[in-house]
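Notes follow once the structure below has been shown.
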Amino acid sequence: MKKIAIVGLSALLAACASENYTTDVTTESHREEFKVSPVSQPIVSQNGNVQGISEQNAAPRVIHTEVRKQPATQKATNTVKITPPTAKQQASHMRFGYTIQVVAVGNQNKVDRFANILPKQGQPVWENYKVVNGTKWYTVLYGDFATRTEAAKAIQSLPAELKRLKPFVKSIDSIKNSDFPTMNKLN
Numbered sequence: 003m004k005k006i007a008i009v010g011l012s013a014l015l016a017a018c019a020s021e022n023y024t025t026d027v028t029t030e031s032h033r034e035e036f037k038v039s040p041v042s043q044p045i046v047s048q049n050g051n052v053q054g055i056s057e058q059n060a061a062p063r064v065i066h067t068e069v070r071k072q073p074a075t076q077k078a079t080n081t082v083k084i085t086p087p088t089a090k091q092q093a094s095h096m097r098f099g100y101t102i103q104v105v106a107v108g109n110q111n112k113v114d115r116f117a118n119i120l121p122k123q124g125q126p127v128w129e130n131y132k133v134v135n136g137t138k139w140y141t142v143l144y145g146d147f148a149t150r151t152e153a154a155k156a157i158q159s160l161p162a163e164l165k166r167l168k169p170f171v172k173s174i175d176s177i178k179n180s181d182f183p184t185m186n187k188l189n
């Protein structure tokens, strides 16, 4: 392969080099002529003085303006009516937050059992029903955390029985945008 490359490169260089190299260079130039309009009267006289208005023969002129007081404006009496968002607006609202999916079970009785084991530290407990590959699942969700890190730290505060089930952090937004967005609050 190296021999072919060397032979090919030398043939290419030989083809590029030749003794007869002819170039035709042509140039074209054009001079543009402009018509100059004649000046009818010189602006400066022969002795160097400017004719017309100068600082010496111009009187200062003071402009007086009237100051008008505007009448006091009346305060607007328009009222704003605040209406709650429609169901469609609430559904499209992005909910940024994180929760912990503790467990997924097959029936409602198990949901209640696991919900009672969770700590009662003021964090909400939810149930989310969904169907995956034709199987009904109830997931138990714990807490409402602002960041993924806060939710991951909260996993460490769960009882050992629940830690063995390997709970994980889940975005509330991913639940709300899923095919089964309903989250029923249990506490």
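Each residue of the sequence shown is one higher than the last, beginning at 3 in this note's numbering. Ideal placement from N, C-alpha and C gives every residue a C-beta, glycine not left out. Only a predicted model underlies this, so the values are computations on that prediction, with no experimental measurement involved.
Is it the case that the Cβ atoms of residue i and residue j are separated by a distance below 8 Å?
i	j	result
residue 148	residue 171	no
residue 99	residue 139	no
residue 183	residue 104	no
residue 185	residue 118	no
residue 127	residue 188	yes
residue 106	residue 151	no
Looking at the secondary structure, which residues open and close the beta strand (DSSP E) in which residue i lies?
i	result
residue 138	137-147
residue 130	127-134
residue 65	No beta strand (DSSP E) holds residue 65; DSSP gives it neither H nor E.
residue 105	100-107
Name the residue from the options whose alpha carbon lies nearest to the alpha carbon of residue i.
i	options	result
residue 143	134, 160, 136, 151	160
residue 1	115, 179, 157	Missing from the structure shown is residue 1; the chain here goes from 3 to 189 and no further.
residue 134	28, 37, 181, 39	181
residue 121	157, 64, 28, 37	157
residue 115	163, 64, 81	163
For the putative contact between residue i and residue j, defined by C-beta atoms under 8 Å, what is the C-beta separation to the nearest angstrom?
i	j	result
residue 177	residue 145	Actually they do not touch by this definition, with Cβ atoms about 13 Å apart.
Using 7 Å as the cut-off, classify the Cβ of residue i as near or not near the heavy atoms of the ligand GDP, replying yes or no.
i	result
residue 65	No copy of the ligand GDP occurs in the structure displayed, which carries no ligand at all.
Within the continuous alpha helix (DSSP H) that includes residue i, where are the two ends?
i	result
residue 83	No alpha helix (DSSP H) contains residue 83, which DSSP labels as neither H nor E.
residue 119	110-119
- Item | Every unbroken beta strand (DSSP E) within the stretch 153-183, with a cutoff of 3 residues, ordered by chain | If only uninterrupted beta strand (DSSP E) runs of at least 3 residues are considered, those enclosed by the stretch 153-183 are 170-173.
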